[in-house]
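The next block holds one structure in the form of structure tokens; read it before the comments.
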Ligand SMILES: [Mg+2]
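Residue numbers (the numbering used here): 340 to 707.
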């Protein structure tokens, strides 16, 4: 029972409209798809959606990393994921999104080999995962209109991007809150855009608008700054850019710097390490969210399976594929219904068809 062949594909997926956060604007994502084929007729899909800003990865570094680890994985057992991850870490440090592509494909293989959906094999805690939808940065008025549109589409939670100008950010949330019913959850994400003083001041003003939590208000590297914001903020603080690995999670918990952690498979190196972060946080009585970078429905479906499996993943921001115009998965994967993502009961991730015109030919093949 071994990995026989690994195929690598590069895809470009365009957004429906430019996606704007405090750190910049994206119009498309260049992602890397991995297909792991075993010697017993089972294969699995994985994906890397690199972020230069967050993990210092690009499509080029993804390919370079896969060139190092891909050939060495041939012949390894796809079910011994702990051993496979250990091998990847021994070959190359960092590069979590490249490793995630492999890890995600292995978890698809795991489910297909057992003929069970991956989420059930990993714990099977819940059958559906409530996701928010992200509102990218525009003028406060336009964002209020986008909020109404999203609620009409059925979304019950909004993740609002802020972190540009604190005064305007308060106006954004005020207008959004006035435009949607109180039962709609509103969470915000500053993407490190505020200083410590700005964050404390803005969060004190924002508290009355019933904010669930704020993601990464300040600089990811400034743990003491984050701890200060946490101490003075009436709104719960969630780490995103500050936490990549299980070790990062432990360090922030020890520093009393956060109330919650946003896990992303592209930061953690895949599901294997994401589970460790969720469990460390659970032991500290700290809920987690599962977020995303720019994944297609392949990477998002893997994240839905992780979230459905894991009790402590209590919030989800799994919407990137909804915001993309190009749909890579043409059949199967986690569907969206009334703000919920449903992993389904097909084996593995249940992804049965990809759009061949987007996928094209593999750019790399390891093994035979
Ligand atoms: Mg974030």
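Backbone N, C-alpha and C fix where the C-beta goes; we use that ideal spot for every residue, glycine too.
#1: Grab the span of the alpha helix (DSSP H) containing residue 627 for me, first residue to last.
#2: Say yes only if the C-beta of residue 537 is nearer than 7 Å to one or more non-hydrogen atoms of ligand 1, and no if none qualify.
#3: Tell me whether residue 571, by its Cβ, gets closer than 7 Å to a heavy atom of ligand 1.
#4: May I have a chain-ordered list of the alpha helix (DSSP H) segments no shorter than 4 residues that lie completely inside the region 556-631?
#5: Considering only residues of the same chain and omitting the five flanking positions on each side of residue 357, which have a CB-CB separation below 8 Å?
#6: Return yes when at least one heavy atom of ligand 1 lies under 7 Å from the C-beta of residue 579, else no.
#7: So, using beta-carbon positions, are residue 651 and residue 679 closer together than 8 Å?
#8: Let me confirm a value: residue 404 is counted as buried when at least 16 other C-beta atoms fall within 10 Å, else exposed. Which label applies?
#9: Around the C-beta of residue 447, are 16 or more other C-beta atoms found within 10 angstroms, so that it is buried, or is it exposed?
#10: Give every residue of the same chain whose Cβ lies closer than 6 Å to the Cβ of residue 427, excluding the five residues on either side of it in the sequence, and list them in chain order.
#11: Please classify residue 498: is it buried, with 16 or more other beta-carbons within 10 angstroms of its beta-carbon, or exposed?
#12: Taking C-alpha atoms, which residue in 352, 414, 538 lies nearest to residue 342?
#13: At a cut-off of 7 Å, is residue 653 close to ligand 1 when judged by its beta-carbon and the heavy atoms of the ligand?
#14: Between which two residues does the beta strand (DSSP E) carrying residue 353 extend?
#15: Run the CB neighbour count on residue 416, radius 10 Å, all protein chains shown included, and call it buried at 16 or more, exposed below.
Judging by the given coordinates:
#1: Element bounds for residue 627: not the alpha helix (DSSP H) but the beta strand (DSSP E), 627-630.
#2: If you check the C-beta of residue 537 against ligand 1, you find no heavy atom less than 7 Å away.
#3: It does not: the Cβ of residue 571 is nowhere closer than 7 Å to a heavy atom of ligand 1.
#4: Listed in chain order, the complete alpha helix (DSSP H) runs (minimum 4 residues) inside the region 556-631 are 562-571, 585-593, 604-607, 610-622.
#5: Cβ neighbours of residue 357 within its own chain (closer than 8 Å, five residues either side excluded): 364, 365, 366, 475.
#6: Yes, Cβ of residue 579 sits closer than 7 Å to a heavy atom of ligand 1.
#7: No; because the gap between Cβ atoms is not below 8 Å, this pair is not in contact.
#8: By the neighbour-count criterion, in which 16 or more other beta carbons inside 10 Å mark a residue as buried, residue 404 falls on the buried side.
#9: Buried is the call here.
#10: Within its own chain, the residues whose Cβ lies closer than 6 Å to the Cβ of residue 427, once the five positions on either side in sequence are excluded, are 408, 438, listed in chain order.
#11: Burial state of residue 498 is buried, judged by a 10 Å Cβ sphere holding 16 or more other Cβ atoms.
#12: For residue 342, the nearest C-alpha among the options comes from 414.
#13: For residue 653, the Cβ stays outside the 7 Å cut-off from all heavy atoms of ligand 1.
#14: Start and end: 342-360.
#15: With fewer than 16 neighbouring CB atoms inside 10 Å of its own CB, residue 416 falls in the exposed class.
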